[in-house]
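In the numbering used here, the protein residues as written are 11 to 59.
By construction, the Cβ of each residue, glycine as well, lies at the ideal position given by its N, Cα and C atoms.
The structure displayed is predicted, hence computed values, not measured ones.
Let me begin by presenting the structure, written as structure tokens, before commenting on it.
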Amino acid sequence: MPERTGFGLRMIQQGLAHELAGAARMAFHRDGLKCEIDIPIATAMITKA
11 MPERTGFGLR
21 MIQQGLAHEL
31 AGAARMAFHR
41 DGLKCEIDIP
51 IATAMITKA
């Protein structure tokens, strides 16, 4: 379990918020990591050419 928020975690959380109007929640457990990602469906349906 991390003692601090590292670069990778911040990049995931801030990138989702900025690029996709989403959010990520991380829960560190002894047996692994649980990551929940929420992205608005309208954002997920946009395709970039």
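At the level of alpha carbons, what is the spacing between residue i and residue j?
{"i": "Arg35", "j": "Thr15", "result": "12 angstroms"}
{"i": "Asp48", "j": "Ile56", "result": "15 angstroms"}
{"i": "Gln23", "j": "Phe38", "result": "15 angstroms"}
When DSSP labels each residue in this structure, what does residue i get in the three-state scheme?
{"i": "Met21", "result": "helix"}
{"i": "Thr53", "result": "helix"}
For residue i, list the residues DSSP reports as bridge partners.
{"i": "Leu43", "result": "Phe38"}
{"i": "Ala33", "result": "Asp48"}
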